[in-house]
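I have placed the structure first, in the form of structure tokens, so that the comments after it can refer back to it.
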Amino acid sequence: MKSSTYDVVIIGAGIVGLATALKLVQKYRLSLIILEAENEVAAHQTGHNSGVIHSGLYYKPGSMKALNCISGREAMYRFCEENDIVHDHCGKVVVATHPAEISSLNMLEERGRANGLDGIRRLSPQEIREIEPYVNGIDGLWVPQTGIVDYLDVAKTYARLIVEYGGEIKTNSRVIGFNNDHNLIKLQTSSGEIETKNLINCSGLRSDKIARLCGVEPGLQIIPFRGEYYEMVPEKEYLVKNLIYPVPDVRFPFLGVHFTRMVHGGVEAGPNAVLALKREGYKKSDISIPDIAYYGTYVGFWKMAFKYWKMSISETYRSFSKAAFVKALQRLIPDLQMEDVHPAGSGVRAQALSSDGKLLDDFSIVERPHQVHVLNAPSPAATASLAIGETIAAMAEKNFHLVKI
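My numbering numbers the first residue of the sequence shown as 20 and each following residue consecutively.
Structure follows, in structure tokens:
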């Protein structure tokens, strides 16, 4: 390591931590290191998502999600162009398959226009089929701003640039202890002690635990939801041209199972949203008694469970039943058959939950003296990562008294 005492330590080398580090090393005169618990960057949420560059369609106008997604989306497209990262600005269709979904589709269209999405337009059933010939829909919405990319490619490029600008990334360094000694923060890690003047917590699935370790009460708890995917067999990929989404259930911060053409080839279908029994619970068999006890003793968890028990049973059933999963997909593409898809990967979403049982829908970032904690950064955080990085860098400039280059 180059420095004995760093100006800034970032905990977590996911896409938000990396984007934040990149903005800091580009703009300020400082020593910086990222501490990553795993043996590589982007090992969790960043490397296990559907690879969509989101438009900003779904988010409440004026919210942190909306503002950061809209500016971050354009920044992401520019970054991909400038760094020769494979991507496709392909657009997507959002499809209503039942009259009860029309009002929610109307709301999405209104939100999209309020968020400045020029070019979105309603689609008749015939127009839907002109874009996606095998989709069954009674009404639809065309969203031209949406695209696809591999966020692992993006994250690795962020990491390379950080090092080129003089920053450091230390893997296999899980933070396990914190001490604030006369305005000098000492972090105990699995690879030794690190001293820093300032700290930024971008630890995703462990953001609440890291905040508490650092003496900050987050006022929420992270609940892990596993999203499981199926992959279409190559001979049936013709059923999907680009991106096909259902009208989401407005009660939940999840978009529903959808079809995504992947930028490096292939078509994925999913994800669902089922409670994981371990923070990094990518498989059904991944179980951690301490993790279950951690959120099982949280009052907000039981309030959520009571409120959404029907949805929980449905999602769990779909997790164990391929037939139920495929039935949900057939609402969009009736010609899809059981043998047309097979199980693929999964991801785990860090979802913040308040003590009253509400699933937090917006980004949540908390500032404290010499500390910034990113407590809730689910989708579209990857799309918005450069914008979120700018937001956190501005907080750090004010809070950490940084000097611009």
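In this text, a Cβ means the ideal position worked out from N, Cα and C, and glycines have one as well.
Note that the structure is a prediction, hence the values are computed from the model and not measured.
CB of residue i within 9 Å of CB of residue j, strictly
i, j, result
"residue 384", "residue 414", "yes"
"residue 401", "residue 68", "yes"
"residue 242", "residue 294", "yes"
"residue 382", "residue 79", "no"
"residue 348", "residue 156", "no"
"residue 136", "residue 164", "yes"
"residue 191", "residue 61", "no"
"residue 64", "residue 233", "no"
"residue 249", "residue 360", "yes"
"residue 395", "residue 239", "yes"
"residue 141", "residue 77", "no"
"residue 26", "residue 153", "no"
"residue 291", "residue 344", "yes"
"residue 273", "residue 367", "no"
"residue 147", "residue 40", "no"
Span separating the alpha-carbon of residue i from that of residue j
i, j, result
"residue 369", "residue 108", "27 Å"
"residue 31", "residue 170", "16 Å"
"residue 29", "residue 188", "9 Å"
"residue 297", "residue 332", "18 Å"
"residue 47", "residue 70", "30 Å"
"residue 371", "residue 209", "26 Å"
"residue 124", "residue 150", "18 Å"
"residue 416", "residue 285", "43 Å"
"residue 217", "residue 305", "35 Å"
"residue 260", "residue 96", "21 Å"
"residue 200", "residue 54", "20 Å"
"residue 51", "residue 373", "32 Å"
"residue 330", "residue 340", "15 Å"
"residue 312", "residue 103", "45 Å"
"residue 399", "residue 202", "34 Å"
"residue 211", "residue 223", "22 Å"
"residue 179", "residue 346", "43 Å"
"residue 167", "residue 280", "8 Å"
"residue 183", "residue 175", "12 Å"
"residue 59", "residue 145", "47 Å"
"residue 237", "residue 254", "48 Å"
"residue 118", "residue 162", "20 Å"
"residue 42", "residue 405", "8 Å"
"residue 309", "residue 316", "11 Å"
"residue 282", "residue 198", "44 Å"
"residue 226", "residue 220", "7 Å"
"residue 270", "residue 422", "44 Å"
"residue 397", "residue 214", "29 Å"
"residue 186", "residue 66", "22 Å"
"residue 266", "residue 110", "16 Å"
"residue 94", "residue 72", "11 Å"
Top-ranked residue by Cα proximity to residue i, from the options
i, options, result
"residue 403", "26, 29, 33 and 58", "33"
"residue 74", "193, 138 and 339", "138"
"residue 112", "277, 423 and 257", "277"
"residue 252", "270, 287 and 229", "287"
"residue 289", "262, 181 and 229", "262"
"residue 393", "229, 316, 267 and 322", "229"
"residue 92", "408, 328 and 412", "408"
"residue 302", "328, 274, 246 and 269", "246"
"residue 379", "58, 35 and 82", "82"
"residue 207", "275, 194 and 180", "194"
"residue 275", "323, 334, 283 and 225", "334"
"residue 35", "424, 177, 231 and 185", "177"
"residue 115", "160, 44 and 320", "160"
"residue 410", "26, 27 and 38", "38"
"residue 386", "235, 321, 318 and 397", "235"
"residue 319", "376, 121 and 186", "376"
"residue 133", "23, 89 and 147", "89"
"residue 121", "99, 101, 147 and 158", "158"
"residue 388", "105, 49 and 204", "204"
"residue 268", "327, 314 and 307", "327"
"residue 106", "143, 45, 49 and 173", "173"
Contact with chain D by residue i, beta-carbon distance below 9 Å
i, result
"residue 229", "No chain D appears in this structure, which consists of one protein chain only."
According to DSSP, residues forming a beta bridge with residue i
i, result
"residue 141", "160"
"residue 371", "241"
"residue 386", "391"
"residue 360", "251"
"residue 10", "Nothing can be reported for residue 10: it is not among the residues displayed for the chain, which extend from 20 to 424."
"residue 217", "27"
"residue 208", "194 and 211"
"residue 189", "54"
"residue 182", "Paired residue(s): none; residue 182 is not in a bridge."
"residue 199", "204"
Legend entry - Runs of alpha helix (DSSP H) wholly within the region 101-136 (minimum 4 residues, chain order): Runs found: 121-133.
Legend entry - Runs of beta strand (DSSP E) wholly within the region 264-314 (minimum 3 residues, chain order): For the region 264-314, whole beta strand (DSSP E) runs of length 3 or above, ordered along the chain, are 277-280 and 286-289.
Inset, instruction - Identify every run of the alpha helix (DSSP H) within the region 33-94, keeping only runs that are complete inside it and at least 4 residues long; order them along the chain. - result: Segments of the alpha helix (DSSP H) lying fully in the region 33-94: 34-46.
Inset, instruction - Mind listing, in chain order, the continuous alpha helix (DSSP H) runs of no fewer than 4 residues lying wholly within the region 312-351? - result: The region 312-351 contains these whole alpha helix (DSSP H) runs: 318-326, 328-339 and 341-349.
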